[in-house]
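To start, the structure under review is shown below, and the notes come after it.
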Amino acid sequence: MVDIIIGRDIDDLEKWGKLGTIYLGKEYIKMENSLSLANQVYLDVNKPHLILIAGKRGQGKSYTLASIAESLALADKEILKNLSVLIFDTMGIFWTMKFPNYRDAELLEIWGLKPMSIKNVKIYVPEGLKDLYEKANVPYDDVFLLNPSEVSGVEWNSIFGIEQTSALGVYIQKIIREIRKRYDIFSIEDIINYVEKISIDVKLKEKVINYFSTVEDWGLFSEKAPEIKDILEPGYVHILDISMYTTFIGGWSIKNLVIGVVAKKIFYERMLWRKKEELEEAYLGYEMREREFPIVWMMIDEAHECLGKEKTPATEPLIQIIREGRQPGITLVLATQQPGKMHTDVITQSDIVISHRVTAQRDLKALNEIMRNFSAIDIEVYMNENLPKRKGAALVLDDKSERIYPVQIKPRVSWHGGADPTLIRKRIWLGELQGK
Numbered sequence: 000m001v002d003i004i005i006g007r008d009i010d011d012l013e014k015w016g017k018l019g020t021i022y023l024g025k026e027y028i029k030m031e032n033s034l035s036l037a038n039q040v041y042l043d044v045n046k047p048h049l050i051l052i053a054g055k056r057g058q059g060k061s062y063t064l065a066s067i068a069e070s071l072a073l074a075d076k077e078i079l080k081n082l083s084v085l086i087f088d089t090m091g092i093f094w095t096m097k098f099p100n101y102r103d104a105e106l107l108e109i110w111g112l113k114p115m116s117i118k119n120v121k122i123y124v125p126e127g128l129k130d131l132y133e134k135a136n137v138p139y140d141d142v143f144l145l146n147p148s149e150v151s152g153v154e155w156n157s158i159f160g161i162e163q164t165s166a167l168g169v170y171i172q173k174i175i176r177e178i179r180k181r182y183d184i185f186s187i188e189d190i191i192n193y194v195e196k197i198s199i200d201v202k203l204k205e206k207v208i209n210y211f212s213t214v215e216d217w218g219l220f221s222e223k224a225p226e227i228k229d230i231l232e233p234g235y236v237h238i239l240d241i242s243m244y245t246t247f248i249g250g251w252s253i254k255n256l257v258i259g260v261v262a263k264k265i266f267y268e269r270m271l272w273r274k275k276e277e278l279e280e281a282y283l284g285y286e287m288r289e290r291e292f293p294i295v296w297m298m299i300d301e302a303h304e305c306l307g308k309e310k311t312p313a314t315e316p317l318i319q320i321i322r323e324g325r326q327p328g329i330t331l332v333l334a335t336q337q338p339g340k341m342h343t344d345v346i347t348q349s350d351i352v353i354s355h356r357v358t359a360q361r362d363l364k365a366l367n368e369i370m371r372n373f374s375a376i377d378i379e380v381y382m383n384e385n386l387p388k389r390k391g392a393a394l395v396l397d398d399k400s401e402r403i404y405p406v407q408i409k410p411r412v413s414w415h416g417g418a419d420p421t422l423i424r425k426r427i428w429l430g431e432l433q434g435k
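Number 161 in numbering that gives the first Met the number 0 belongs to position 162 of the sequence shown; there are no gaps in the numbering.
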């Protein structure tokens, strides 16, 4: 059997072989009228990629995203020392990586795997919402905050849903510009105090103060927020759990703000450090063995909500990473159940597509745009002919090899928090499974 490596060109295959890859799954081989699993499939992690994971509800998008994150966490030490994974957990389902997947113990055994917890996972929650997580008994390792001085007036308007050219929108942009001229770092309270002192229309002033007073309830901002380099520790999967904002008015705007601000900071830091790395490589004549700021794999679930065709606070930073992120070494993994809603840059720039089953015509049309680079066959026809109708089965479109692979994504070794709840429950005897 021949191992398949997704995302690696012929030159790198000859140079590196299987080094710098992670396990993704097994390829389906069609023999007469039956499908069987054969070749092992691996994913290149040596170079940056734009990976789109698509599929309708319940087909395994989040599972696949977490399976990749899990494989990264269990990668070789030589890879881990220069790599950091960041998951924006918009639905609150990835914290379960800390627990073993005893539910699928028998399936894992068939694959030659064992249930295990992922030790090098760190979960961060907004500082002001940590009590909600504690009441729900959801584990976390630390809190995170954003610095309000890093948010522009345009971004505030986007979060509040205010037209940029309206009187209120223009005032907010002007206010933030003026405060930035006076202070390098400032708090939400500083913004409110400044607005209270300036002479503007009373009604406008009340609206601005009301908007920023609401922001204080998010528990998200502080002028003492840590630097991103202090959070992204090499060798770890970092989960930013922003799922609790689902219960807030404009919840996705808040989530998108977090994604946008953090993505912008990561891009800026990696650009700076990449220049330093290249200078040292040029002067020393060899590549650095350890990076001061790691290569980043950034993962977003429900990505159509932050990178759709309508603009959000996350759009510009993410588009910048899509267009320019490969040079500084940023991989972006986007999971969505609505690929037809995704920004056109995602559809045209993705070099790896993992597509579970989709049925909506808009989604099929979007995936067929990518499919045309590989085959004249309609993606729905290709799926029906080459994939079984089971969870985790997917077509993998690889731009490097210009080939399509029918693949079964490997089962997770850690617990999957995104499974559908069921009325019929099966008791899992942990003692028996551990004793196997």
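Ideal Cβ positions, reconstructed from N, Cα and C, are used throughout, including at glycine.
In summary, S354 is buried, with 16 or more beta-carbon neighbours lying within 10 Å of its beta-carbon over all protein chains present. Here the alpha carbons of S198 and I299 stand approximately 42 Å from one another.
Per DSSP, the beta bridge partners of K25 are Q39 and Q407. The Cβ-Cβ distance between V120 and Y235 falls below 8 Å.
When the alpha-carbon of F211 is set against those of V261, D350, I175 and I238, the nearest one is in I175. Residue state for Y235 is assigned as coil, using DSSP reduced to three classes.
Less than 8 Å separates the beta-carbon of A65 from that of M96. For the region 95-149, the continuous beta strand (DSSP E) assignments of 3+ residues that do not extend past its boundaries occur at 120-125 and 141-143, in sequence order. For D10, the enclosing alpha helix (DSSP H) covers residues I9 to W15. The continuous beta strand (DSSP E) containing F87 extends over residues L82 to D88.
Annotation: the continuous alpha helix (DSSP H) that includes S70 extends over K60 to A72.
Take the alpha-carbon of K263 and the one of I109: they are about 43 Å apart. Rounded to the nearest whole angstrom, the CA to CA distance from R7 to L49 is 13 Å. Judged by DSSP secondary structure, L317 falls within the alpha helix (DSSP H) whose first and last residues are T314 to E323.
Of the candidates I178, L396 and A53, the residue whose Cα lies closest to the Cα of V194 is I178. A Cβ-Cβ distance of about 7 Å is found for the pair H237 and V84, placing them in contact under the 8 Å criterion. The alpha-carbon of I378 is positioned some 14 Å away from that of K55. Shown here for L34: same chain residues with a beta carbon closer than 6 Å to its own, the five before and five after excluded, namely Y27 and P387 in chain order. DSSP, read as helix, strand or coil, puts M0 in coil. Per DSSP, the continuous beta strand (DSSP E) segment holding D397 begins and ends at A392 to D397. Among the bridge pairs identified by DSSP, L49 is matched with L331. Secondary structure of L306 (DSSP, three-state): coil. Below 8 Å, too few C-beta pairs join the region 366-380 and the region 323-335 to call them touching: fewer than three. The beta carbon of M297 lies closer than 6 Å to those of L85 and L331 in the same chain, with the five residues before and after it left out.
A residue is called buried once 16 or more other Cβ atoms fall within 10 Å of its Cβ, and A302 is buried on that count.
In the three-state DSSP reduction, W217 falls in the coil class, being neither helix nor strand. With respect to the C-alpha of I253, the residue from I52, Y22, D88 and K76 having the closest C-alpha is D88. In the structure shown, the three-state DSSP call for S354 is strand. If the five residues before and after I318 are omitted, its C-beta is found closer than 8 Å to the C-beta atoms of L306, H342 and D344, all from its own chain and listed in chain order. Distance between Q172 and V214, taken at the CA atoms: about 16 Å.
Here P125 is buried, its C-beta having at least 16 other C-beta atoms within 10 Å.
Where W296 is concerned, the enclosing beta strand (DSSP E) starts and stops at I294 to I299. Taking the C-beta atoms as reference points, V352 is found no nearer than 8 Å to L23. The alpha-carbon separation between E384 and S242 amounts to approximately 38 Å.
Shown here, D377 sits in coil according to DSSP, grouped into three states, outside any helix or strand. The alpha-carbon of E31 is positioned some 31 Å away from that of L12.
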